[in-house]
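Those sequence lines, one after another, are chains A and B. Using the working numbering, you'd call the opening residue of the first sequence number 1 and step up by one each time. Using the working numbering, you'd call the opening residue of the second sequence number 1001 and step up by one each time. Have a look at the structure below, then the notes.
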Amino acid sequence: MIIKILGPGCKKCSTLTENTEKALASLGLTAELIKVTDFAQIAAHGVMSTPALAIDDKVVSVGKVLTTAEVEKMLQS
Amino acid sequence: MNPVLLRTMAKLILPQLASSKKGNQDLQMEVFKWLNDQVLRMDWLAWLVGRLVEDGFGMDMAGRTGASVHFFIYDVIKIFILLAVLIFSISWVQSHFPPERTRRILGGMQGVSAKLAGALLGTITPFCSCSSIPIFIGFTSSGLPLGVTFAFLISSPLVDLASVILLASIFNWTIAIAYVLVGLVLAVIGGMLIGRAKMEAYVESFVMHNPVLDTPQEELSSRDRLQFSCAQVSDIFGRVWVYVLIGVGIGAAIHNWIPAEWTESLLGQNNWWSVPLATLIGVPMYADIFGTLPIAEALVDKGVGLGTALAFMMAVTALSLPSLIMLKKVVKAPLLALFFGIVTFGIVLIGYLFNAYADLFI
Chain A
1 MIIKILGPGC KKCSTLTENT EKALASLGLT AELIKVTDFA QIAAHGVMST PALAIDDKVV
61 SVGKVLTTAE VEKMLQS
Chain B
1001 MNPVLLRTMA KLILPQLASS KKGNQDLQME VFKWLNDQVL RMDWLAWLVG RLVEDGFGMD
1061 MAGRTGASVH FFIYDVIKIF ILLAVLIFSI SWVQSHFPPE RTRRILGGMQ GVSAKLAGAL
1121 LGTITPFCSC SSIPIFIGFT SSGLPLGVTF AFLISSPLVD LASVILLASI FNWTIAIAYV
1181 LVGLVLAVIG GMLIGRAKME AYVESFVMHN PVLDTPQEEL SSRDRLQFSC AQVSDIFGRV
1241 WVYVLIGVGI GAAIHNWIPA EWTESLLGQN NWWSVPLATL IGVPMYADIF GTLPIAEALV
1301 DKGVGLGTAL AFMMAVTALS LPSLIMLKKV VKAPLLALFF GIVTFGIVLI GYLFNAYADL
1361 FI
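Have a look at this one:
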């Protein structure tokens, strides 16, 4: 599984990254976590509001710092 | 409540009420004026800080140092209070208009009304210029005309609801409303000119071919909005408080230490070059409107034309080196130059207009 955090590197993006790491750990999953900070690449995913989260190149959330619980729910579905 | 504070408030309120027994309409005017003076301009705070400076620090308010200290403390506290309240309320409104929704609204419109809608929606979008690039790409990819996107891009940093309230607080409501109107007109006309120029070829090619993602943002609950708004307040506050301190510091220095003859001879009303000069000084600077307003306030106090001060403020907020560098990544030089030219020209024109009709405003 590849998880991408899309965002130019603001504080919100790193919070989302931390929450995602926690969610992965609590579910016992391993995944490759990639931070996408380049605007062109962010846009190539069709994302306009950051931070955004993509699981296996499918954008599942935009413009919101998800909580650990919310990320867990997305990882399970 | 603190008895001293109560007595202070009574002292401020009672004379106003006593003087307003002339009839219902007068009373309403008085109430409005009182609310305006106390809530928006925070005269109570000016008074409190005055006591602190005179009695607490033992400084003379008529003296330079005392007046500078008063200007600094009063303006910093006032701007911080307004900032927190305004960002909170605007974020609440913003949470109803994520970029995805804005794009849908604009996609269904055409012509001047589309540009006007773009300019209006620009007033309620995020403050940070780093979010404007993904929005630019997202809008353009989905086929929105360049004119509409640029109307949005011009108005977004220039006019926002917070700047309106702050202008009303520091100057007055006439100036605040006039500023919004000319800002919107500039955005609409700028958008129309860029639309006419058929510059689509000068947009970097990677901007055009992107998937249009329409993941509907899940419906936010009031609790989500509350959280979002609080997060915005702390986020923006953390980013701009330094600029506010610097801006008010410069304002306090201009206010009490720089002789009026200097500012007048450099930026005074009688020089035709004052407006373009103020614009040129403002363009490379990077600050937001919260840090710029106290400087404009001090300049106007020192005999600089209102239009000159506003031109400086608009130049600082609408155009800055960092935002131009960022835009350069998505558009090619001719389009960037056209955007820069139109906005600069518009700002200078607005400066002259405000100077010419300053009597109407102050």
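We put the CB at the ideal spot given by N, CA and C, even for glycine. What you are looking at is a predicted structure, and each value in this text was computed from that prediction instead of being measured.
Legend entry - Span separating the alpha-carbon of B:M1001 from that of B:W1044: Since pLDDT at B:M1001 reaches only 49, below the 50 mark, its modelled position is unreliable, and the value read off the structure follows with that caveat. B:M1001 and B:W1044: Cα-Cα distance of roughly 16 Å.
Inset, instruction - Output the distance between the C-alpha atoms of B:V1180 and A:D38, rounded to the nearest integer angstrom. - result: Rounded to the nearest angstrom, the two C-alpha atoms are 34 Å apart.
Legend entry - Test: B:V1207 CB closer than 9 Å to a CB of chain A: At least one CB of chain A lies nearer than 9 Å to the CB of B:V1207.
Inset, instruction - Give the straight-line distance between the Cα atoms of B:L1336 and B:L1153, rounded to the nearest whole angstrom. - result: C-alpha separation (whole angstroms): 12 Å.
Legend entry - Three or more C-beta pairs below 8 Å linking the region 1141-1153 of chain B and the region 1274-1288 of chain B: Result no; under three Cβ-Cβ pairs closer than 8 Å.
Inset, instruction - Please report how far the alpha carbon of B:L1360 lies from the alpha carbon of B:Q1028, in whole angstroms. - result: Our two residues, B:L1360 and B:Q1028, have alpha carbons roughly 24 Å apart in a direct line.
Legend entry - Straight-line gap, A:C20 to B:A1231 (C-alpha atoms, nearest Å): Looking at the sequence itself, residue 20 of chain A is Thr, so the reference to Cys does not match. Rounded to the nearest angstrom, the two C-alpha atoms are 19 Å apart.
Inset, instruction - Could you please give me the residues that DSSP links to A:I55 through a beta bridge? - result: The partner list for A:I55 (beta bridge, DSSP) reads A:I3 and A:K58.
Legend entry - Given 8 Å, three or more beta-carbon pairs between the region 1328-1343 of chain B and the region 1195-1210 of chain B: Under the three-pair Cβ rule at 8 Å, the region 1328-1343 of chain B counts as touching the region 1195-1210 of chain B.
Legend entry - Collapsed DSSP secondary structure at B:M1001 in the structure displayed: Interpretation of B:M1001 is limited by its pLDDT of 49, a score under 50 that renders its predicted location unreliable; the figure taken from the coordinates is listed afterwards. Note: B:M1001 maps to coil in three-state DSSP.
Inset, instruction - Just tell me which of B:A1168, B:S1222 and B:L1186 has its CA closest to the CA of B:L1035. - result: Of all alpha-carbon atoms in B:A1168, B:S1222 and B:L1186, the one lying nearest the alpha-carbon of B:L1035 is that of B:A1168.
Legend entry - Bridge partners - A:E32, DSSP secondary structure assignment: DSSP lists A:I2 as partners of A:E32.
Inset, instruction - Over the uninterrupted alpha helix (DSSP H) stretch that includes A:T17, give me the two end residues. - result: Element bounds for A:T17: K11 to L27.
Legend entry - Beta-carbon proximity check, B:S1265 vs B:T1308, cutoff 9 Å: Taking 9 Å as the Cβ cut-off, B:S1265 and B:T1308 do not qualify as a contacting pair.
Inset, instruction - Enumerate, from N- to C-terminal direction, the unbroken alpha helix (DSSP H) stretches of 4 or more residues contained entirely within the region 1177-1209 of chain B. - result: Restricted to the region 1177-1209 of chain B, the alpha helix (DSSP H) segments that are unbroken, complete and at least 4 residues in length are 1205-1208, listed in chain order.
Legend entry - Collapsed DSSP secondary structure at B:G1066 in the structure displayed: For B:G1066, the secondary structure class from DSSP, reduced to helix, strand or coil, is helix.
Inset, instruction - Might you give, ordered along the chain, the residues of its own chain that have their beta carbon closer than 6 Å to the beta carbon of A:E32, omitting 5 neighbours on each side? - result: These residues qualify, in order along the chain: I2.
Inset, instruction - Would you verify that the beta carbon of A:S49 is, or is not, closer than 9 Å to some beta carbon of chain B? - result: Judged by the 9 Å Cβ criterion, A:S49 is in contact with chain B.
Inset, instruction - Compare the beta carbon distance of B:V1233 and A:A43 with 9 Å and say whether it is the shorter of the two. - result: In this structure, B:V1233 keeps its C-beta atom at 9 Å or more from the C-beta atom of A:A43.
Legend entry - Rounded C-alpha distance that separates B:V1076 from B:V1069: Taking the straight line joining both Cα atoms gives about 11 Å.
Inset, instruction - Determine whether the Cβ of B:M1001 lies closer than 9 Å to any Cβ atom of chain A. - result: Note that B:M1001 scores 49 on pLDDT, short of 50, meaning its location in the model is unreliable and no value can be drawn from it.
Inset, instruction - Mind checking the region 33-62 of chain A against chain B and listing, in chain order, the residues whose C-beta falls within less than 8 Å of any C-beta there? - result: Residues of the region 33-62 of chain A that bring their beta carbon within less than 8 Å of a beta carbon in chain B comprise F39, A40, I42, A43, A44, H45, G46, V47, M48, S49, T50, V59, V60, S61 and V62, in sequence order.
Inset, instruction - Mind listing the chain B neighbours of A:K11? Cutoff is C-beta to C-beta under 9 Å, in chain order. - result: D1235 and G1238, listed in chain order.
Inset, instruction - Between the Cα of B:T1065 and those of B:N1256, B:A1358, B:I1090 and B:L1121, spot the shortest distance and give me the residue it belongs to. - result: A check of alpha carbon separations from B:T1065 across B:N1256, B:A1358, B:I1090 and B:L1121 identifies B:N1256 as the nearest.
Inset, instruction - Identify whether B:G1108 lies in helix, strand or coil by the three-state DSSP scheme. - result: The answer is coil: DSSP assigns B:G1108 none of H, G, I, E or B.
Legend entry - DSSP state of B:L1349 mapped onto helix, strand, coil: Three-state DSSP puts B:L1349 in a helix.
Legend entry - Proximity below 9 Å, CB of B:A1278 to CB of B:F1071: The answer is no: Cβ separation not under 9 Å.
Inset, instruction - Pull up the DSSP beta-bridge partners for B:G1268, would you. - result: Among the bridge pairs identified by DSSP, B:G1268 is matched with B:V1304.
Legend entry - With 16 other Cβ atoms within 10 Å as the buried cut-off, status of B:I1081: Residue burial is scored here from C-beta neighbours: B:I1081 has fewer than 16 other C-beta atoms within 10 angstroms and is therefore classed as exposed.
Inset, instruction - To the nearest angstrom, report how far apart B:A1067 and A:I55 are at their CA atoms. - result: The straight-line gap from Cα to Cα measures roughly 58 Å.
Legend entry - Outcome for A:T50 when other beta-carbon atoms lying within 10 angstroms are tallied against a minimum of 16: Residue environment for A:T50: buried (at least 16 other C-beta atoms within 10 angstroms of its C-beta).
Legend entry - Contact belief for B:L1324 with B:I1194 at Cβ below 8 Å, rounded distance in angstroms: The Cβ separation is near 15 Å, so there is no contact.
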